[in-house]
Every structure is written in C-alpha cells, then in structure tokens.
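Per full-length UniProt numbering, the very first residue in the sequence shown carries number 1; after that it's consecutive.
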Amino acid sequence: GLYWAWKNLDCDYLGLVHYRRYFTDRNRPYHDKINMNEVILSADQVKEFMSEVDVVVPKKRKYYIETLYSHYAHTHN
1 GLYWAWKNLD
11 CDYLGLVHYR
21 RYFTDRNRPY
31 HDKINMNEVI
41 LSADQVKEFM
51 SEVDVVVPKK
61 RKYYIETLYS
71 HYAHTHN
C-alpha cells in the first residue's frame with residue numbers, strides 16, 4: 001500500500017497507521033479500566049507534535065511471542 005501511495009498520490013506527507021494503534025499521552029499510565037478517549041491524542045495534539053519532528057517510528061521491542069497468552073503477558077506486565 002505504501003509503495004502504491006508513493007507512486008500514485010500527489011501529497012506533501014505520506015504515511016501509514018497500523019490498525020488499532022494510536023498516539024497517546026505517555027504521561028498517563030496504562031491500566032485495565034483505562035478510558036481510551038482520555039489518552040488518545042486529538043488531531044490538534046498530533047499536529048502540534050508533528051510540527052516538532054520529521055519522522056515518527058515505534059520504540060524498539062523484543063518479541064518473545066510463542067502463544068497468544070505469551071504475547072499478552074509480555075506486553076501487559
């Protein structure tokens with residue numbers, strides 16, 4: 001999809017967002033009963049953040065995934 005967009009769209013900015021991944025406020029800790037609407041950044045907050053950087057990449061993670069439970073256990077201490 002990214003290659004097609006690069007070759008076929010006329011735009012100043014181009015990127016992909018992973019399904020169900022959001023920009024969030026890092027100062028608010030994750031917990032089981034979190035209200036996602038309280039931690040997901042608004043469009044204006046994202047625009048402000050993006051005005052300060054050229055590129056955004058995810059934090060490097062080491063995956064030790066063997067089962068669905070293993071994945072959950074390693075990401076939700």
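In this text, a Cβ means the ideal position worked out from N, Cα and C, and glycines have one as well.
I'd like to know whether the C-beta atoms of residue i and residue j end up nearer to each other than 8 Å.
i, j, result
"V46", "F23", "yes"
"D25", "L41", "yes"
Check the C-beta distance from residue i over to residue j and give it rounded, since I have them as a contact under 8 Å.
i, j, result
"W6", "L14", "6 Å"
Residue ranges of each beta strand (DSSP E) run of no fewer than 3 residues wholly in the UniProt domain "DUF4422" (1–77), ordered along the chain?
none
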